[in-house]
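One structure below.
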Amino acid sequence: MAKEPQDPPEAGAEPGADRRDFLWKVGCAALGVATLEAAGSTLRFAKAPVSYGPAQRRVLGELARFPPGEPVYVEDAGVFILRDAKGMRALSATCTHLGCTVRSDRASGGFICPCHGSRYDAEGKVLAGPAPASLHFVRVDQDRRGRLVVDLGAPVEADHRTKVG
Ligand code: FES
């Protein structure tokens, strides 16, 4: 097959000018696409749905569900509700070692982690490791309908009680 003759470069034109022009246009197009993509990402980030606070609140139920005495475990919230004459408290059931769920231990009155054997007393203080820290308490309140509501994102001191009535 015979090669077609190429046009000779125009007089005064730089050799390779067409290729540079083409590469310049491709580079400008790529930069434009990248700029649009960056702007789109920024807008998506700025408009991302964000929730503050309420997502950590859980309605636990009517007060009658939590009689004084032994801790009542609420699986949905991962807390034990402790009720005594002074009020209500919510103790996280998440072991401070690696996050397993502790169980109430009737024999000792405290809590035991089934994963690696950590033991806690009735106030959630560590009796035996490997747990590095006590279980923590979170805020518990009553809503307008009198139901118990826990806020898992609001840690409180161990002696913080909510009076109920
Ligand atoms: S996760 Fe509880 S002792 Fe390891």
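Residue numbers for the sequence shown follow my numbering, so the first one is 23 and each next one is one higher. Quick reminder that beta carbons are idealized off the backbone N, C-alpha and C, glycines included.
Sixteen is the threshold: since fewer than 16 other Cβ atoms of the shown chains lie within 10 Å of the Cβ of Phe44, the residue is exposed.
An exposed status is given to Arg125, since fewer than 16 other beta-carbon atoms sit within 10 Å of its beta-carbon. For Val94, the enclosing beta strand (DSSP E) has its first and last residue at 94-96. Residue His158 holds the alpha-carbon nearest to the alpha-carbon of Ala180 among Asp143, Arg167, His158. Counting along the chain, Phe88 sits inside no beta strand (DSSP E), nor does DSSP assign it H or E at all.
Every residue with a CB closer than 5 Å to a heavy atom of the ligand FES is listed here in chain order: Cys117, His119, Leu120, Cys122, Cys135, Cys137, His138, Ser140. For Arg125, the uninterrupted beta strand (DSSP E) run begins and ends at 125-127, by DSSP. Two segments are said to touch when three or more pairs of C-beta atoms, one from each, lie closer than 8 Å; by this definition the stretch 90-97 touches the stretch 126-134.
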